[in-house]
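In the numbering used here, the protein residues as written are 2 to 136.
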């Protein structure tokens, strides 16, 4: 078992919720069901980010390899921005807002999910292999 297996599992869970929301957005989606999925996604994402902050980044910052430290710092800085965007998105889209502007919700959801999916792919390909090497 590698150090990042749990992080990768969390990525898969996050992507599954995003996929379910995307599928629902293509039909006549229930705003309350979408909000419930979004709340579930926010909980998983926040837990994942906390785990990265407490275990992953410190592990990489302790390495003697300056490339690993630099990449970890870059990812931490980028995630702060994406985390803030997601927080604003999550706060904004309550059931009534989704009901009142389903097209706006769908559009914003697609943009947030695109950024999140890209981030997850980069972590899996670039960051996690470095963390696994440190074990």
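Ideal placement from N, C-alpha and C gives every residue a C-beta, glycine not left out.
> Quick one: any contact between the region 89 to 107 and the region 30 to 44, if contact means 3 or more CB pairs under 8 Å?
Replying inline: Contact holds: three or more Cβ-Cβ distances are below 8 Å.
>> Three Cβ pairs or more, each shorter than 8 Å: is that satisfied between the region 65 to 77 and the region 31 to 41?
In response: The answer is no - the region 31 to 41 does not touch the region 65 to 77, with fewer than three Cβ pairs under 8 Å.
> Nearest-angstrom Cα distance between residue 31 and residue 103?
Replying inline: Rounded to whole angstroms, residue 31 to residue 103 spans 10 Å at the Cα level.
>> Would residue 5 and residue 129 qualify as a contact pair, given that the criterion is a beta-carbon distance under 7 Å?
In response: Cβ distance < 7 Å, so residue 5 and residue 129 count as in contact.
> Between the region 97 to 117 and the region 14 to 29, do at least 3 Cβ pairs fall closer than 8 Å?
Replying inline: Contact holds: three or more Cβ-Cβ distances are below 8 Å.
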